Structure formats: C-alpha cells, structure tokens
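Accompanying notes for the structure given below.
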Amino acid sequence: MNHSTKTTIAFSLIFFVLFFLTSPVQATTLLEVPFTSQAPDSIWVQPWQDACEETTVFMVHRFYMGRNIANSADAKKRNSGTI
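The numbering used here puts the first residue of the sequence shown at 3, with every later residue one more than the last.
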C-alpha cells in the first residue's frame with residue numbers, strides 16, 4: 003500500500019470511531035428566563051399586537067441582569083419605551 007491509501011484508511015477509521023461509536027451528548031441545561039406575555043394585560047391591540055421582538059429582548063435583558071418581571075405593569079412600563 004502506498005502512503006495515500008494508508009492515510010485514507012486512517013482518516014476513514016478515525017471518522018468512523020468519532021461519529022458512530024461515541025454516544026451523543028444530551029443538552030440538559032434549563033435556563034430560568036423571566037416570562038411575560040407580549041400583551042401584558044391579554045388585550046391584543048396595538049402596540050402589543052406586534053411587540054413579540056421587544057418582549058423577547060426585555061425577557062433576555064432581565065435574565066442577564068438577574069431580575070424577575072414583577073407584574074404586568076412592570077412589563078408594560080419597560081416595553082412601552084421600546085415599542
């Protein structure tokens with residue numbers, strides 16, 4: 003066997019071992035992200051009708067700041083500045 007054939011066999015064997023004989027890693031991290039509805043009072047009118055992106059950013063911001071969303075008034079107050 004020449005060098006090229008040996009290299010191909012070696013890489014094929016490594017590929018087989020790495021991708022077929024290893025066990026998959028399970029994702030088990032649960033993040034406690036504070037939640038609020040995009041329509042805090044459950045009234046789906048403007049501006050809350052189209053506020054899903056702003057609400058998502060607000061929830062992620064509160065998660066990284068380590069703060070909860072106290073109530074719907076808290077969510078409305080914060081989101082009203084970004085909508």
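The beta carbon of each residue, even a glycine, is placed where N, CA and C say it ideally should be.
Computed from a predicted structure; not experimentally measured.
- Distance from ASN70 to PRO36 at the Cβ level is roughly 5 Å; contact confirmed, criterion being Cβ atoms closer than 8 Å.
- The three-state reading of DSSP puts LEU32 in coil, since its state is none of H, G, I, E or B.
- Nearest to ALA75 by C-alpha distance, out of MET67, LEU15, GLN40, is GLN40.
- Secondary structure of LEU15 (DSSP, three-state): helix.
- With respect to the C-alpha of LYS78, the residue from LEU20, ASP43, VAL47 having the closest C-alpha is ASP43.
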